[in-house]
Amino acid sequence: MPKSQPYFFACLAIIIIVITLLISGSSILTVPIYEGSSIPMGTPITWMGLIALPLTIYFGVKKFRDHNTTYKLLNQLLKFSVGFAVLWVPISYLLSGNLSFSFSGTATGFQGGQLAMKLFWGYTYGIAILPMILLIIHWFLKLINTIRK
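Numbering (the numbering used here), first residue to last: 16 to 164.
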């Protein structure tokens, strides 16, 4: 068994669990982390899913771990994606002003306001979409290489 295979399956399991919880709107996402906390379980659960998404692709596609010229840029972009995912909670906290990432239409300043909310959603979607785009590019390159042969 290759060294990366357990990491791949662990990350894949995390993604499947997180997506299932998010799509089903599970009540566990709104339960506080501990009694008296204002931080919902959805924050760390979603964070783990956002980090696991690019890592699943990294560990699942061997070419992303090779450092040849074709995949060097894709490899770097995937690593940036992991970095952006790791920074999701701190950046989202700076945008919303709370760890439940709730925004108010009545906020007077930037933090917690409508512009901050738009940036939050754009950042969150970007973190999820970038690895998927890189995977599609990989599939496209693989198809081109197959056609050439």
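Virtual Cβ for every residue (Gly too), placed ideally from N, Cα, C.
Under three-state DSSP, which class holds residue i?
i: N146; result: In the sequence as presented, Asn is not what sits at residue 146; that position holds Pro. In this structure, P146 counts as helix in the three-state DSSP scheme.
i: P17; result: coil
i: Q129; result: helix
i: T123; result: coil
i: K164; result: coil
i: N113; result: coil
i: I118; result: A small correction: the amino acid at residue 118 is Phe; Ile does not occupy that position in the sequence shown. F118 falls in the coil class under three-state DSSP.
i: S41; result: coil
i: V76; result: coil
i: L92; result: helix
i: H153; result: helix
i: L102; result: coil
Is residue i buried or exposed, if buried means 16 or more other CB atoms sit within 10 Å of its CB?
i: S188; result: The requested residue 188 does not occur in the structure, where the chain is confined to residues 16 to 164.
i: L88; result: exposed
i: Y140; result: exposed
i: V76; result: buried
i: S39; result: exposed
i: T123; result: exposed
i: L70; result: buried
i: Y49; result: exposed
i: W154; result: exposed
i: I142; result: buried
Using DSSP bridges, identify the partner residues of residue i.
i: P55; result: P47
Could you give the C-beta distance for residue i and residue j, rounded to a whole number, given that I count them as a contact under 8 Å?
i: T61; j: L37; result: 7 Å
i: P55; j: S107; result: Contact flag wrong, Cβ pair sits at about 13 Å.
i: S119; j: R80; result: About 44 Å separates the two Cβ atoms, so there is no contact after all.
i: G57; j: L44; result: 3 Å
i: I72; j: P146; result: 5 Å
Item to check | Given 8 Å, three or more beta-carbon pairs between the segment 29 to 47 and the segment 97 to 110 | outcome: no
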